[in-house]
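Engineer: In the numbering used here, the protein residues as written are 49 to 124. Note that CB positions come from ideal geometry on N, CA and C, so glycine has one too. Only a predicted model underlies this, so the values are computations on that prediction, with no experimental measurement involved.
1. Just confirm the distance between the C-beta atoms of residue 84 and residue 95, as a whole number of angstroms; I'd bet it's less than 8 Å.
2. Classify residue 52: buried if its beta carbon has 16 or more other beta carbons within 10 angstroms, exposed otherwise.
3. State the DSSP-derived secondary structure class of residue 88, mapped to helix, strand or coil.
4. If residue 74 and residue 99 are in contact, beta carbons under 8 Å, what's the gap, nearest whole angstrom?
5. If you drop the 5 nearest sequence neighbours on each side, which residues of the same chain put their C-beta closer than 7 Å to that of residue 86?
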């Protein structure tokens, strides 16, 4: 259950990073229900900060998912 959750989160964040790279705009989500769209040319700092944040989340979630899966398989 836990490995699946982390791997799904990793896939979601990798999809967001991929879409941001292809379209050159990224949606930043705030604490509420509002979203902000940053474009690479008009707001490069916020674009790259959000891009890097999503990439870090993708890598960490995938790493935790793989480690949790390995731990679950080794404990049986």
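Structural biologist: Per the coordinate set shown:
1. Actually they do not touch by this definition, with Cβ atoms about 11 Å apart.
2. Burial call: exposed.
3. Of the three classes helix, strand and coil, the one that applies to residue 88 here is coil, per DSSP.
4. Contact flag correct, Cβ pair sits at about 6 Å.
5. Contacts found: 73, 74, 76, 94, 95 and 98.
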